[in-house]
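Protein chains: 2
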Amino acid sequence: MSKELSERKKKILHALVDLYISTGQPVSSSDIQSKYLPEVSSATVRSELSALEALGYIEQPHTSAGRVPLKDAYKFYVDNISNSSQSQNALTDRETEMIRDRFLTRLERIEDMSKAAAKIISDATNYTSFCIDKSALNIEIEEVKLVPLKGNKAVVLIVTDKGMLANKAIDISGDADSEYIDSASMLLNRVFQGRNLQELENFDAAEIETEIKGFREIFDEVLKILRVYVSSHTDNVVVEGALKMLDYPEYNNVEDAKNFLSVISDHDGMAQLLSDDGSIELSVRIGKEDNGVEKCAIVTAAYKVDGEVVGQAGVIGPERMDYKKVIGVLELMKKTMSTVVDSSKNHLTDGRHED
Amino acid sequence: MSKELSERKKKILHALVDLYISTGQPVSSSDIQSKYLPEVSSATVRSELSALEALGYIEQPHTSAGRVPLKDAYKFYVDNISNSSQSQNALTDRETEMIRDRFLTRLERIEDMSKAAAKIISDATNYTSFCIDKSALNIEIEEVKLVPLKGNKAVVLIVTDKGMLANKAIDISGDADSEYIDSASMLLNRVFQGRNLQELENFDAAEIETEIKGFREIFDEVLKILRVYVSSHTDNVVVEGALKMLDYPEYNNVEDAKNFLSVISDHDGMAQLLSDDGSIELSVRIGKEDNGVEKCAIVTAAYKVDGEVVGQAGVIGPERMDYKKVIGVLELMKKTMSTVVDSSKNHLTDGRHED
DNA sequence: TGTTAGCAGTCAATCGATGAGAGTGCTAAA
DNA sequence: TTTAGCACTCTCATCGATTGACTGCTAACA
Numbered sequence: 001m002s003k004e005l006s007e008r009k010k011k012i013l014h015a016l017v018d019l020y021i022s023t024g025q026p027v028s029s030s031d032i033q034s035k036y037l038p039e040v041s042s043a044t045v046r047s048e049l050s051a052l053e054a055l056g057y058i059e060q061p062h063t064s065a066g067r068v069p070l071k072d073a074y075k076f077y078v079d080n081i082s083n084s085s086q087s088q089n090a091l092t093d094r095e096t097e098m099i100r101d102r103f104l105t106r107l108e109r110i111e112d113m114s115k116a117a118a119k120i121i122s123d124a125t126n127y128t129s130f131c132i133d134k135s136a137l138n139i140e141i142e143e144v145k146l147v148p149l150k151g152n153k154a155v156v157l158i159v160t161d162k163g164m165l166a167n168k169a170i171d172i173s174g175d176a177d178s179e180y181i182d183s184a185s186m187l188l189n190r191v192f193q194g195r196n197l198q199e200l201e202n203f204d205a206a207e208i209e210t211e212i213k214g215f216r217e218i219f220d221e222v223l224k225i226l227r228v229y230v231s232s233h234t235d236n237v238v239v240e241g242a243l244k245m246l247d248y249p250e251y252n253n254v255e256d257a258k259n260f261l262s263v264i265s266d267h268d269g270m271a272q273l274l275s276d277d278g279s280i281e282l283s284v285r286i287g288k289e290d291n292g293v294e295k296c297a298i299v300t301a302a303y304k305v306d307g308e309v310v311g312q313a314g315v316i317g318p319e320r321m322d323y324k325k326v327i328g329v330l331e332l333m334k335k336t337m338s339t340v341v342d343s344s345k346n347h348l349t350d351g352r353h354e355d
Numbered sequence: 356m357s358k359e360l361s362e363r364k365k366k367i368l369h370a371l372v373d374l375y376i377s378t379g380q381p382v383s384s385s386d387i388q389s390k391y392l393p394e395v396s397s398a399t400v401r402s403e404l405s406a407l408e409a410l411g412y413i414e415q416p417h418t419s420a421g422r423v424p425l426k427d428a429y430k431f432y433v434d435n436i437s438n439s440s441q442s443q444n445a446l447t448d449r450e451t452e453m454i455r456d457r458f459l460t461r462l463e464r465i466e467d468m469s470k471a472a473a474k475i476i477s478d479a480t481n482y483t484s485f486c487i488d489k490s491a492l493n494i495e496i497e498e499v500k501l502v503p504l505k506g507n508k509a510v511v512l513i514v515t516d517k518g519m520l521a522n523k524a525i526d527i528s529g530d531a532d533s534e535y536i537d538s539a540s541m542l543l544n545r546v547f548q549g550r551n552l553q554e555l556e557n558f559d560a561a562e563i564e565t566e567i568k569g570f571r572e573i574f575d576e577v578l579k580i581l582r583v584y585v586s587s588h589t590d591n592v593v594v595e596g597a598l599k600m601l602d603y604p605e606y607n608n609v610e611d612a613k614n615f616l617s618v619i620s621d622h623d624g625m626a627q628l629l630s631d632d633g634s635i636e637l638s639v640r641i642g643k644e645d646n647g648v649e650k651c652a653i654v655t656a657a658y659k660v661d662g663e664v665v666g667q668a669g670v671i672g673p674e675r676m677d678y679k680k681v682i683g684v685l686e687l688m689k690k691t692m693s694t695v696v697d698s699s700k701n702h703l704t705d706g707r708h709e710d
């Protein structure tokens, strides 16, 4: 919609955002001139800035101040980065190496992996980071096992393609001889085997009503276990480095800090907030007003295994964040994570425990 | 050590702390006089204040300011409350009723109970609260079960007096015929049956070395499961209302807020910090310097079932906190919690699940 | 037409002075 | 021992002046 900018305007706009990102202070014409455009005078830069201001890219906090980038300026800047794929250079080889190493050393539980990933991203970027694990939805049930215990109790074991899912001791009211247990097992397997967890949310037991009777109690228990599992494991959000945001002057006051922290710790809200870009490879949102988190930029990446989205990771920071670095880190994690998940698929069962 | 204070000094000291708690401002002699001691003049109060200052109970921020309580003044105040058991009156009947109701409606998992308790305490007091669940240590193993799965795998089930503890699928390298599984089961039960989890931390496998051989792989796995469980479930800390502290002027600056929040979110550190008063019925700590949390008071209560400590709950707030209310709430929770836990002991197995 | 130098104008931030207000300590008298 | 009265101290808010950082404008120049 807006006309193409002249090369010099582009250069100036880029310079301005660059400077503002690193200093956080309004940028003056002479700053830009001396550091990015020594071949012209500051007066020239000034007139270009006037033009850019008229186009809505930048603004002045007050008459005698420098310029500050607006949303469109950041967008321009980020597009520039993505296209020129400068994100590669944003990370030194040492950084790349370190991130890889740190991540490859821990792959126990899915939850731990999310946590580890979030921690690494936060450490590498110095911003608040988050991970959302959505792998639970793609789990498929392979086998349901009933294991009798002492005293008319039994354990339900649900084996899935990704490992063991849930266990729970249930009471069996009638006489729980082995024949009864076997029949129950068969029924459960006939119903649940091969289903994935997503289907279960609107599973209707009415169709198989006749089959179930006699095992209603057990059946209901199992269905409940699965549903509880799904609801407690979908949109599992992990946040790391929440306090890092408070280091940036934008959030260096208690009011904003409190607001930010309360948004960040409401994990349901976070999941909601991020669901829009759930499957976008790399999304950059800058200063949406309706976020609850104003004055923020959110960069998210979708993580895939075998083409399916299994999670989302991202960074939330001030609008003037180091996009080059953040995008670089997220893309590196994307690569690393796919590798790890692919190769560890069969070990997901390991290290789980519950009480 | 310090001589007994005169009645009037006590009255004045109590008044001063009372006023300071409710306003947060240095208290002047005339404030005390008009609201608590109309029978004397402010000059009299002033001379008493001088004396109390000399005794180290209070101080002036600067020459022309009112007085502010010091640590000893709070101690005096809190002792006064506990002795006169005024904490009863601190809660209205409606509040008492509401707290009871809220707590009795949810008793699923131990973790949920901790969380619920913390939330209720925080809501009722308007301070940051925490719960530490130590019940895991008292769990006793009743039975270890090995359940074979397809493809040379097996599930380890550990049944305890408090419900199911852990499951995990392990690979069995050799030929896992049912005889082998049975022998392994027997061995595991011989070793672990009747033990409680606390013993396992420094469990030495050397003594039964000869018995184990042939089952070393399985044995090690099971031991690992138990240890992982113990380490991840001991000192399980839940914090609620962390941001509430930021509402109080003492923590209304980013630096202190950040410090406080980082202490609060380091759960291991919290457990450490609170371990001293782990078994004290009701402990009040005021402004310990070595806490990491200065300018803070911490009130904790130990929760017991059958005389054993199963957890700790408490409140962390500014030194000038509403001790009457806090102590009242904690004692009410103490009563309520014991009741609930006692009556629900046999249901702890319910509602658990894992992935 | 685009660029530049120079200059006046604007605004925020800082510093010091000033005055009001709050509260105490002291003293002398009851 | 208590009290009234008063001088003293210290904080806090306000005001004005000064400084410094930029810009916008204008007129000259390539």
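In order, the protein sequence lines correspond to chains A and B.
Residue 1 is where the first sequence starts when you use our numbering, and the numbers rise one by one after that.
Residue 356 is where the second sequence starts when you use our numbering, and the numbers rise one by one after that.
The C-beta atom is built at its ideal place from N, Cα and C for all residues, glycine as well.
Assignment of beta strand (DSSP E) within the region 564-605 of chain B, counting only whole runs of 3 or more residues, yields 591-595 in chain order. At a Cβ-Cβ threshold of 8 Å, Val-284 (chain A) and Ala-118 (chain A) do not count as neighbours.
For the region 531-545 of chain B, the beta-carbon criterion of a distance under 8 Å to any beta-carbon of chain A is satisfied by none of its residues. Taking 9 Å as the cut-off between beta carbons, the residues of the region 497-511 of chain B near chain A are Glu-497, Glu-498, Lys-500, Val-502, Leu-504, Lys-505, Lys-508, Val-510, in sequence order. Close to Ser-262 (chain A), with beta-carbon spacing below 9 Å, are these residues of chain B in chain order: Leu-598. Secondary structure of Leu-504 (chain B) (DSSP, three-state): strand. Assigned with DSSP and collapsed to three states, Thr-418 (chain B) falls in coil, not helix or strand. A straight-line Cα-Cα distance of about 9 Å links Ile-286 (chain A) and Arg-320 (chain A). A straight-line Cα-Cα distance of about 8 Å links Met-688 (chain B) and Arg-455 (chain B).
In this structure, the beta-carbon distance from Leu-504 (chain B) to Val-159 (chain A) falls below 8 Å.
Counting the other Cβ atoms within 10 Å of the Cβ of Thr-418 (chain B) gives fewer than 16, which makes it exposed.
Non-local C-beta neighbours of Glu-48 (chain A) in its own chain, meaning closer than 7 Å and more than five positions away in sequence, comprise Arg-8, Lys-9, Ile-12, ordered along the chain. The C-beta of Leu-601 (chain B) comes closer than 8 Å to at least one C-beta of chain A.
Looking from the CA of Asp-632 (chain B), the closest CA among B:Gly-662, B:Gly-666, B:Phe-615 belongs to B:Gly-666. In the pairwise beta carbon analysis, the region 116-136 of chain A is classified as touching the region 244-253 of chain A: at least three pairs are separated by under 8 Å. At least one CB atom of chain A sits nearer than 8 Å to the CB of Ala-612 (chain B). In the three-state reduction of the DSSP assignment, Val-155 (chain A) falls in the strand class. The straight-line gap separating the alpha-carbon atoms of Ile-536 (chain B) and Val-155 (chain A) is approximately 18 Å.
By DSSP's assignment, Gln-667 (chain B) forms a beta bridge with B:Ile-487, B:Ala-657.
For Val-618 (chain B), the enclosing alpha helix (DSSP H) has its first and last residue at 609-620.
DSSP places Ser-34 (chain A) outside any beta strand (DSSP E); the residue lies instead in the alpha helix (DSSP H), whose first and last residues are 29-36. Beta-bridge pairing by DSSP links Glu-498 (chain B) to B:Val-514. Ile-496 (chain B) is positioned such that its CB atom lies no closer than 8 Å to that of Val-684 (chain B). When the alpha-carbon of Pro-673 (chain B) is set against those of B:Ser-528, B:Lys-650, B:Val-585, the nearest one is in B:Lys-650.
The C-beta of Asn-607 (chain B) comes closer than 8 Å to at least one C-beta of chain A. Using a Cβ distance threshold of 8 Å, Leu-104 (chain A) and Leu-197 (chain A) do not count as a contacting pair. Taking the Cα positions, Ile-487 (chain B) is about 40 Å away from Ile-387 (chain B). Val-372 (chain B) is positioned such that its CB atom lies closer than 8 Å to that of Tyr-432 (chain B). By the Cβ neighbour-count rule, Val-670 (chain B) is buried, with 16 or more other Cβ atoms within 10 Å of its own. With at least 16 other beta carbons inside 10 angstroms of its own, Ala-301 (chain A) counts as buried. The Cβ atoms of Ala-257 (chain A) and Ala-668 (chain B) lie no closer than 8 Å to each other. Its chain contains Leu-581, Arg-582, Val-585 as the residues whose beta carbon lies nearer than 7 Å to that of Leu-555 (chain B), once the 5 sequence neighbours on both sides are disregarded; these appear in chain order. Of the candidates B:Leu-374, B:Gly-379, B:Leu-360, B:Glu-359, the residue whose Cα lies closest to the Cα of Asn-607 (chain B) is B:Gly-379.
Between Val-222 (chain A) and chain B, the shortest Cβ-Cβ separation is not below 8 Å. Judged by DSSP in its simplified three-state form, Asp-526 (chain B) adopts strand. Straight-line measurement puts the Cα of Asn-507 (chain B) at about 6 Å from the Cα of Asp-526 (chain B).
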